[in-house]
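Numbering (our numbering), first residue to last: 28 to 98.
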C-alpha cells in the first residue's frame, strides 16, 4: 500500500477514503503481528508511514465533515 499525499486524499470521495483506511489498518495489524512473532519486517519504516497516512485520512475526513478545510 502506497503512502498517499494530502492532495491525493482531498480528491477522493468518502467511500474511497474509508476503503483505503480499512486496507491500511489491516496491513498495520499484519505488520504488528509479524513484529510480535519476532520476525524481521521487510520494511521497518512502513508501519510508521501507514500510521501517518491513516492520520491524514482521518484528519481530512474530519475537515470535510466540519467544513473547516483550512489548507
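Backbone N, C-alpha and C define an ideal beta-carbon position, used for all residues, glycine too.
query	result
Helix, strand or coil: which one does DSSP assign to residue 79?	helix
Quick one: measure Cβ to Cβ for residue 88 and residue 41, integer angstroms, because I've assumed they're closer than 8 Å.	7 Å
May I have the straight-line CA-CA distance separating residue 80 from residue 31, to the nearest angstrom?	6 Å
Quick one: is residue 47 buried, meaning 16 or more other Cβ sit within 10 Å of its Cβ, or exposed?	buried
Is it buried or exposed for residue 44, if we count other Cβ within 10 angstroms and need 16 for buried?	buried
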